[in-house]
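Peer 1:
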Amino acid sequence: MAVATREQAPAAADRGVWSWITTVDHKRIGIMYAVAAFIFFLVGGFEALLIRTQLAGPNGTVLSAEAYNQIFTMHGLTMVFAVIMPIAAAFQNYFVPLQIGARDVAFPRINAFAFWLFFFSALFLYTSFLFGGAPDGAWVGYAPLSTQLTEYVRMDYYSVGAQLLGVASLAGSINFIATIFTMRAPGMSLMRMPVFVWMTVVTSFLLILSLPVIGVGLWQLLFDRNFGTLFYAAQAQGDPLLWQHLFWIFGHPEVYVLILPAMGIVSEILPVMSRKPLFGYAFVVFSGIAIGFLGFGVWAHHMFTAGLGPVAEAGFGLATMLIAIPTGVKIFNWIGTTWGGRLKLTTPMLFSLGFISMFVIGGLSGVTHSIVPADTQQHDSYYIVAHFHYVLFGGAVLGYMAGAYYWFPKWTGKMLSETIGKWHFWITLIGFNLTFAPQHILGLDGMPRRTYRYDAGLGWDGWNLMSTIGSYLIAVGVLVFIWNIIRSWRNGEPAGNDPWDGRTLEWTTSSPPPVHNFDEVPVVHHVDDFWYRKYGIDEDGRAVKMPEVSGGALTVDTDTGGEDGDADAHDIHMPSPSYFPIIASAGVVILGAGLVFISSGAIGFGLLALGAIVSLWGFMGWAGEPITKEAH
Amino acid sequence: MVSEGAVVDHDFEDTGNPIHRVRKTAMWAFLGSEAFFFGAMISTFLLYRNTIGDGPGAEIFNIPFTSASSFVLLMSSLTMVLADNSFQKGDQRQGRVWLIGTALLGTTFLAGQIFEFTEFVHEGLTISTSPFGSSFYMLTGFHGLHVAVGVLLLSMLVFFSLRGRYSPDGGMNVELVALYWHFVDIVWIVIFTVVYLLQI
Amino acid sequence: MATATHAHPTAKTYWLIALFLGIVTAIEVTVPYIDALDPIRAVLLILLGSAKFAVVVAVFMHLRYDLKAYRFYFLIGLAGATVVFAVVLASFRAF
Ligand code: HEM
Ligand SMILES: [Cu+2]
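These protein sequences, in sequence, are chains A, B and C. Residue numbers 1 to 632, in the working numbering, belong to the letters of the first sequence in order. Residue numbers 1 to 200, in the working numbering, belong to the letters of the second sequence in order. Residue numbers 1 to 95, in the working numbering, belong to the letters of the third sequence in order.
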């Protein structure tokens, strides 16, 4: 196992803050996404606790109505754009190239640009608390509420912030599409790709096709607020309903953007922990694609109370019910995967099973929304809040937690503690259900969402208190997780290359992998190629361990020991670090800041000018810089 | 999708330089994305095409003038493709001439657009006259912005080529800029039909 | 496949295409002024515009000659946008 023992001793130049700022390595960028997403998770979680504290009992006094609106809006924006999307991007950045046997993504500098743009934009969104107040019109930003009160810049922050985060995500998605379609290792045909890679393809397409639509809506919002256009001005026969369409044409595909990568992760973990191949690989892949397609045809189910008329409502209701079919297919395939397997109930497995069960509950309440008359009762009530937290927290967050436990060893070379991990899982699962299950009842009892206080005697007090207690329990779970990370990073068990007896290519290289990922580009013959190198099938169809892997197998890199091996490693030209992406992204965010303050005259124009100069510097330098500078 | 993949795999060795394939994949995906961007703005325009309030409507369009500038943009696609052709053959001298021609035609189109906007404003159509005005200016304005970015890219290509720093393998190459430029042109083909000809 | 990929048209083809584009544009501009064509005006204009669109994409952008995969990346956006926004406009009864 030459690869396993080879020490990762980066040269001095590869360390330190500067090396992270200028890095174009997909693995480092992945780690930065993860760290940033986790920090924003703590911030968004803090906001959630404020909300729940306010609502713990009737007539709460922790937050004013004004503060409450800002806090719940920022909570939603943060969790969607600054936590779940980037944590998905973190896993995708780190593992897509590894899983397809590539050395990096297609456009390493665009990758760095996308990360920094996301990070600066999210920080910029938070500066709103200091300068003029945070967005307070909900993450859906419905007009005409969002186009009013132009004396505050709050919703200008919303419009520009979401726009910039969208551009970052667009750049990242195009990068993944190019990477996956053109840079796979020899033999890695599309139908041999790991499901996680497939789900990345689907989400990338969803993003590039849906982000421009909300982009247009956000521009219109900004123009209406600052330049006197009349897109959503009902008094001039502009139609606010247009905003709802533009938002949800993005918004519904977006919810699949949040969940599909988590589904991909779970589809990776279940076979490994069940010691069986994924049941119905092709079905899982095609149902993922089907979800993507259908996901573009159901947006108006968020608008059932807007008066679209019976034909549209019936059509969108039916389409929404249809989407449950491919979703159900996936669930049955996951159950089929575990069926009869010799399960290893490790922490990633527990989170995966938690994912499946909680997601089923959320999916079922989703189907109840698709019944139009029922939804007119549920709409904008806490029942909706319960639904989307079951799919987003019970689904997406648990899925990404599973991924964190599964892949942490690859990131750091250390295992996360299983004991603490199990505590983390159970506390989170119980806390989560305590928080959100009662919200179903609250909603059906008539408690509206986005309400900053409620009167006593409506029968809501107990359920709300329960929900608040649950939310603190989730917070305890998060603390346990942090403790686990710190402890295991310091002195966790060493992981080795392949701690879980994995099936995909990332487990063939060292933990953490070398800069160039693979000393030799692997050649692929099967789905789960790595597993077939370790196991054969006996007459009864059972897996048997191959005697000792040797010669040409992926686990052993025959070349690294010898002299020519070293020469090999030197011949791999990795793209050089560059500081232009970070400059360009900073410039773009400054431009955005200029747009937010455009109505305040000099400040706005000053920022615009500065932003133009900085981004021009960044982009021009970038265009003139060769990808790989001469190393020797 | 599977069969597409098979094609991809098969062609991987054949396309000469894989880097071109990577970039063109990204560019085509980006153009697919742009289809939704312009689609949203065109739909907004169609939604508001009759919502003119007290201001002027489509009757202020000057079809002969816009036809001329449409023709200019169409012909810039010809010069662009000829530039691409010359660069593919390695004839950068000739290619630069076509690139400059394309940039000039693009600039002419932009000048025409500025003239048109000024005229319309004089006739009482501004972004805040009516939703019709808002959506007309937004759509044609964002298109104009795309043309302007295209002119900038073309100038950069000429600049790099003159300095001897042009390489078809570099991040900026004529083929990619050409794809972008033609796309901007076909968006105008749609706008010309939908916004102008169909509304008069 | 290799041959198909590289069989880009010659400069002459490009000039002919441009001629075609110019002629179609001329027809387009006259259509609204011919009263006899009024009943089919919209259809005619859409067809003519689509012809120009298709020719530029197929020949100038080389989509006819290039990898099939590129068609997929682009057409998914084009077709998707057309369908989605047709539904939006229909729901506003904008037609
Ligand atoms: C079987 C699948 C699903 C169905 C049938 C479904 C259906 C629905 C419907 C009809 C609504 C609108 C209810 C209303 O506002 O009156 C809704 C809201 C929502 N759903 Fe789902 N859903 C499904 C899965 C998901 C998934 C996977 C996610 C995210 C990962 C998700 C996230 C959301 C969110 C965030 C909202 C609320 C948006 C808002 O108003 O702020 N849903 N769902
Ligand atoms: Cu939805």
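Even glycine gets a Cβ: it sits at the ideal position worked out from N, Cα and C.
With a threshold of 7 Å between beta-carbons, can A314 of chain A be considered close to chain C, or not?
Peer 2: Answer no: the Cβ-Cβ gap between A314 of chain A and chain C never drops below 7 Å.
Peer 1: Run the CB neighbour count on G611 of chain A, radius 10 Å, all protein chains shown included, and call it buried at 16 or more, exposed below.
Peer 2: With 16 or more other Cβ atoms within 10 Å, it is buried.
Peer 1: Please check if any C-beta of chain C sits within less than 7 Å of the C-beta of L81 of chain B.
Peer 2: Looking at the sequence provided, one finds Val at residue 81 of chain B rather than Leu. Closer than 7 Å: yes.
Peer 1: Where are the alpha helix (DSSP H) runs, 4 residues long or more, that stay fully inside the stretch 185 to 247 of chain A, in chain order?
Peer 2: Within the stretch 185 to 247 of chain A, the complete alpha helix (DSSP H) runs of at least 4 residues are 195 to 226.
Peer 1: F286 of chain A: which of A:M199, A:I361, A:W460 and A:A586 sits nearest, CA to CA?
Peer 2: Of the candidates A:M199, A:I361, A:W460 and A:A586, the one whose C-alpha sits nearest the C-alpha of F286 of chain A is A:M199.
Peer 1: List, in order along the chain, the chain A residues whose C-beta lies closer than 7 Å to that of A69 of chain C?
Peer 2: Those within 7 Å of A69 of chain C in chain A are F181.
Peer 1: Measuring only from the beta carbon, is H252 of chain A closer than 6 Å to any heavy atom that is part of ligand 4?
Peer 2: Within the structure as shown, ligand 4 is missing, the only ligands being ligand 1 and ligand 2.
Peer 1: Please report the Cβ distance between T37 of chain A and I71 of chain A, rounded to the nearest whole angstrom; I am assuming they are in contact, meaning their Cβ atoms lie under 8 Å.
Peer 2: Here residue 37 of chain A turns out to be Ala, not Thr, going by the sequence shown. About 20 Å separates the two Cβ atoms, so there is no contact after all.
Peer 1: The alpha helix (DSSP H) that contains G413 of chain A, what's its start and end?
Peer 2: First-last for G413 of chain A: undefined, no H or E at that position.
Peer 1: Closest to G413 of chain A by CA distance: which of A:E493, A:F355, A:Q377 and A:F425 is it?
Peer 2: That would be A:E493, whose Cα lies nearest to the Cα of G413 of chain A.
Peer 1: According to DSSP, is Y535 of chain A part of a helix, a strand, or is it coil?
Peer 2: It is a strand residue.
Peer 1: For S159 of chain A, which three-state DSSP category applies?
Peer 2: Helix.
Peer 1: Less than 7 Å between C-beta atoms, sequence neighbours within five positions excluded: which residues of the same chain meet that for A103 of chain B?
Peer 2: Answer for A103 of chain B: V151, L154 and S155, listed in chain order.
Peer 1: Are the Cβ atoms of I361 of chain A and Y390 of chain A separated by less than 7 Å?
Peer 2: Yes. Within cutoff.
Peer 1: Check for me: the alpha helix (DSSP H) holding A314 of chain A runs from which residue to which?
Peer 2: From DSSP, the alpha helix (DSSP H) with A314 of chain A extends over P310 to T338.
Peer 1: When the cut-off is 7 Å and only beta carbons count, does P39 of chain C lie next to chain B?
Peer 2: No, P39 of chain C does not count as interfacial toward chain B.
Peer 1: Where does G552 of chain A land, buried or exposed, given buried means 16+ other C-beta within 10 angstroms?
Peer 2: Per-residue confidence for G552 of chain A stands at a pLDDT of 40, beneath the threshold of 50, marking its modelled position as unreliable; the derived number appears in the next sentence. With fewer than 16 Cβ atoms within 10 Å of its Cβ, G552 of chain A is classed as exposed.
Peer 1: Under three-state DSSP, which class holds P97 of chain A?
Peer 2: It is helical.
Peer 1: Grouping DSSP H, G and I as helix and E and B as strand, with all else coil, what is S381 of chain A?
Peer 2: Residue state, collapsed to three classes: strand.
Peer 1: Closer than 8 Å by beta-carbon distance: list the chain C residues that pair up with G95 of chain B, in chain order.
Peer 2: None at all; the shortest Cβ gap to chain C is about 12 Å.
Peer 1: Give a yes or no on whether 7 Å exceeds the smallest Cβ distance from M68 of chain B to chain A.
Peer 2: In the sequence on display, residue 68 of chain B carries Ala and not Met. So no, A68 of chain B is outside the interface.
Peer 1: Just verifying my parser: in three-state terms, what is the DSSP assignment at A543 of chain A?
Peer 2: DSSP places A543 of chain A in strand when its eight states are reduced to three.
Peer 1: Per the contact definition of three or more C-beta pairs closer than 8 Å, is the stretch 364 to 381 of chain A in contact with the stretch 439 to 452 of chain A?
Peer 2: The answer is yes - the stretch 364 to 381 of chain A touches the stretch 439 to 452 of chain A, with three or more Cβ pairs under 8 Å.
Peer 1: Note down, in chain order, all residues in the stretch 159 to 186 of chain B with a beta-carbon under 7 Å from any beta-carbon belonging to chain C.
Peer 2: Those residues of the stretch 159 to 186 of chain B that come within reach of chain C (Cβ to Cβ, closer than 7 Å) are L179, H182, D185 and I186.
Peer 1: Just the chain B side, please: which residues come within less than 8 Å of L78 of chain C by C-beta, in chain order?
Peer 2: Chain B residues near L78 of chain C: G32 and A35.
Peer 1: Determine, using beta carbons only, whether N226 of chain A and I598 of chain A come nearer to each other than 7 Å.
Peer 2: Yes, Cβ-Cβ distance for N226 of chain A and I598 of chain A is below 7 Å.
Peer 1: Look at the Cβ atom of G133 of chain A, then the Cβ atom of Y152 of chain A, and state whether they are nearer than 7 Å.
Peer 2: Their beta carbons are under 7 Å apart, which means G133 of chain A touches Y152 of chain A by this criterion.
Peer 1: By DSSP's criteria, P448 of chain A is part of a beta bridge. Which residues make up the other side?
Peer 2: Answer is A:S381.
Peer 1: Who are the neighbours of L77 of chain A on chain C, taking C-beta pairs under 9 Å?
Peer 2: Those within 9 Å of L77 of chain A in chain C number zero; the least Cβ separation is about 24 Å.
Peer 1: Quick one: what does DSSP say P522 of chain A is sitting in, helix, strand or coil?
Peer 2: Correct three-state label for P522 of chain A: coil.
Peer 1: For the alpha helix (DSSP H) holding V17 of chain A, just list the boundary residues, first then last.
Peer 2: Counting along the chain, the alpha helix (DSSP H) containing V17 of chain A begins and ends at G16 to I21.
Peer 1: Might you give, ordered along the chain, the residues of its own chain that have their beta carbon closer than 7 Å to the beta carbon of G562 of chain A, omitting 5 neighbours on each side?
Peer 2: Confidence is the limiting factor: at G562 of chain A the pLDDT is only 34, short of 50, which leaves the residue's position unreliable and the question unanswerable from this model.
Peer 1: Please say whether V480 of chain A and H635 of chain A have beta carbons closer to each other than 7 Å?
Peer 2: No answer is possible for residue 635 of chain A: it lies beyond the span of chain A, which begins at 1 and ends at 632.
Peer 1: Who does P494 of chain A pair with in a DSSP beta bridge?
Peer 2: Looking at the DSSP assignment, P494 of chain A forms a beta bridge with A:K414.
Peer 1: Alpha carbon to alpha carbon, how far is G112 of chain B from D185 of chain B?
Peer 2: Approximately 15 Å between the Cα atoms of the pair.
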